[in-house]
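Here is the structure we will look at, set down as structure tokens.
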Amino acid sequence: MAIETGEFRRLIETHQRMVFSLSLRITGDYATAEEVAQDVFLALHRSGEQLCSDDHTRFWLRRVTVHRATDALRRRSVRPESAADEWTEGGNFETSAGRSPVALEARVEDILRLLPEPLRVAILLRYQEDMLPDEIALMLGQPVATVKTHLRRGLEFLRRKAAVTLKEYVRGTI
Amino acid sequence: MELFDAKFEDQSDDHFEEYLHQQLRPVPEPRGFADRVLARAESESAVPAKVIVMPSRRRVWTSGAVAAATLLAGLLTQQVEVRRQRHKAEVAQQQFDAAMRITGETLDETRQQLRDAGVEIGK
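If you're matching them up, the sequences are chains A and B in order. Just so we're aligned, residue 1145 is where the first sequence starts under the working numbering, counting upward by one. Just so we're aligned, residue 87 is where the second sequence starts under the working numbering, counting upward by one.
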């Protein structure tokens, strides 16, 4: 049985920002993110899921959003902007063509898009959604150790990339 | 514009994680998002229906009549099938009898030919 309209609107307005943000940062594309986000809420509407609380709803929405966004990402065959050889532990993070052009504001999410999907998802759930590693593991159906590894590697990459990018930014403006 | 301290490698993990928390706050949804979702939900829910609602008393009789008709149709179908199977069996028996008769006649002929040729065979 579908959720009643008034309640459904309330659920959308409460959780739309979270759902859209996750979709956008996973897929890296605005239009795809909106499509995914709409589909997530429609799935909720159709499922007639027995939602006990907002926490339950949030858990359900996060899980479905991550699954659908990663599916959309794979369907679009969007590869991380970095070449495969650039993504190495402790490796050199310059591109083969030299350092990439620097945006006036180097945003973390631009760098985030360079991460492989499993690391990107872990980082988003941890730092956008403030989920703990065991909560992330439960939601994704992964071992906690795997989640912690993804977080550690993702953080290391982001720190190094951010340091390189922001050094250039500082040089350019001073 | 605030210049950020670029020396991330010198910063503690906590500092960088705090920076990530700030940078990864949820982004605003597109304008009118909720309205678009509701419109899609409504269009999915709208199913054209032709429902004939009958008065309750008549409904009971009608259900009974339908059930009886269904039962009768089932019985008739069963009877037709039984007759069909019986006919098939009769035809098969006739064919078998004919085949046996032909085979018997052929054997008699063959025996006679052998006797004419001077060959005695057991019966």
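Cβ atoms here follow ideal geometry from the backbone N, Cα and C, with glycine treated the same way.
Nearest-angstrom beta carbon gap, residue j and residue i [assumed within contact, 8 Å]
| i | j | result |
| --- | --- | --- |
| Ala-1177 of chain A | Phe-1164 of chain A | 6 Å |
| Asp-1183 of chain A | Arg-1212 of chain A | 6 Å |
| Arg-1297 of chain A | Leu-1263 of chain A | 6 Å |
Straight-line Cα distance separating residue j from residue i
| i | j | result |
| --- | --- | --- |
| Arg-187 of chain B | His-173 of chain B | 21 Å |
| Ala-155 of chain B | Gln-179 of chain B | 36 Å |
| Thr-1149 of chain A | Ala-1266 of chain A | 33 Å |
| Glu-1300 of chain A | Leu-1268 of chain A | 15 Å |
| Ala-151 of chain B | Glu-176 of chain B | 38 Å |
| Met-1275 of chain A | Asp-1199 of chain A | 12 Å |
| Ser-149 of chain B | Thr-163 of chain B | 21 Å |
| Leu-1258 of chain A | Ser-1191 of chain A | 34 Å |
| Gln-1272 of chain A | Thr-1158 of chain A | 16 Å |
| Trp-1204 of chain A | Arg-1270 of chain A | 16 Å |
| Arg-170 of chain B | Ala-159 of chain B | 17 Å |
| Arg-201 of chain B | Asp-183 of chain B | 27 Å |
| Phe-119 of chain B | Arg-1206 of chain A | 18 Å |
| Gln-108 of chain B | Ala-132 of chain B | 43 Å |
| Ala-153 of chain B | Val-168 of chain B | 23 Å |
| Leu-193 of chain B | Ala-185 of chain B | 12 Å |
| Asp-100 of chain B | Ala-127 of chain B | 43 Å |
| Asp-1285 of chain A | Leu-157 of chain B | In the sequence under discussion, the amino acid at residue 1285 of chain A is Gly, which differs from the Asp named in the question. If you take the alpha carbons of Gly-1285 of chain A and Leu-157 of chain B, they lie about 52 Å apart. |
| Ser-129 of chain B | Ala-1187 of chain A | 14 Å |
| Phe-102 of chain B | Arg-1169 of chain A | 19 Å |
| Arg-190 of chain B | Val-205 of chain B | Contrary to the premise, residue 190 of chain B reads as Gly rather than Arg in this sequence. One C-alpha to the other measures close to 19 Å. |
Helix, strand or coil at residue i [DSSP, three-state]
| i | result |
| --- | --- |
| Ile-1280 of chain A | helix |
| Arg-1212 of chain A | helix |
| Leu-193 of chain B | helix |
| Ile-1170 of chain A | helix |
| Ile-1156 of chain A | helix |
| Glu-1287 of chain A | The sequence given here has Pro at residue 1287 of chain A, not Glu. Pro-1287 of chain A: coil per DSSP, three-state reduction. |
| Pro-1262 of chain A | helix |
| Val-113 of chain B | coil |
| Gly-160 of chain B | helix |
| Val-177 of chain B | helix |
| Leu-1268 of chain A | helix |
| Leu-1195 of chain A | coil |
| Glu-206 of chain B | coil |
| His-1294 of chain A | helix |
| Ala-1306 of chain A | helix |
| Ala-132 of chain B | coil |
Sequence-distant residues of its chain with Cβ nearer than 8 Å to residue i (five each side left out)
| i | result |
| --- | --- |
| Thr-1171 of chain A | Ala-1177, Val-1180, Ala-1213, Ala-1216, Leu-1217, Arg-1220 and Val-1222 |
| Leu-110 of chain B | none |
| Leu-161 of chain B | none |
Neighbourhood of residue i by C-beta, 7 Å cutoff - its chain only, sequence neighbours within 5 removed
| i | result |
| --- | --- |
| Ser-1167 of chain A | Ala-1177, Val-1180, Ala-1181, Thr-1209 and Ala-1213 |
| Leu-124 of chain B | none |
beta-carbon residue i near the ligand ATP non-hydrogen atom, thresh 7 Å
| i | result |
| --- | --- |
| Gln-165 of chain B | Of the ligands one can find in the structure shown there are none, so the ligand ATP has no counterpart to examine. |
Beta-carbon contacts of residue i that lie in its chain and below 6 Å, excluding the five residues immediately before and after
| i | result |
| --- | --- |
| His-1294 of chain A | Pro-1262, Leu-1263 and Ala-1266 |
| Ile-1147 of chain A | His-1189 |
| Arg-1161 of chain A | none |
Problem set entry | Contact list for the segment 1197 to 1208 of chain A against chain B, Cβ threshold 8 Å | none
Exercise. Can you list, in chain order, the residues of the segment 105 to 125 of chain B whose Cβ is nearer than 8 Å to any Cβ on chain A?
Worked result: Tyr-105, Leu-106, His-107, Gln-109, Leu-110, Arg-111, Pro-112, Val-113, Pro-114, Glu-115, Pro-116, Phe-119, Ala-120, Arg-122, Val-123 and Leu-124
For this session: Closer than 8 Å, Cβ to Cβ, to anything on chain B: give me those residues from the segment 1262 to 1275 of chain A, in chain order.
Result: Ile-1267, Leu-1268, Tyr-1271, Gln-1272 and Asp-1274
For this session: Anything in the segment 150 to 161 of chain B with a Cβ closer than 9 Å to a Cβ of chain A? List those residues in chain order, please.
Result: none
For this session: Scan the segment 1280 to 1302 of chain A for residues whose Cβ lies nearer than 9 Å to a Cβ of chain B and list them as they occur along the chain.
Result: Leu-1299 and Leu-1302
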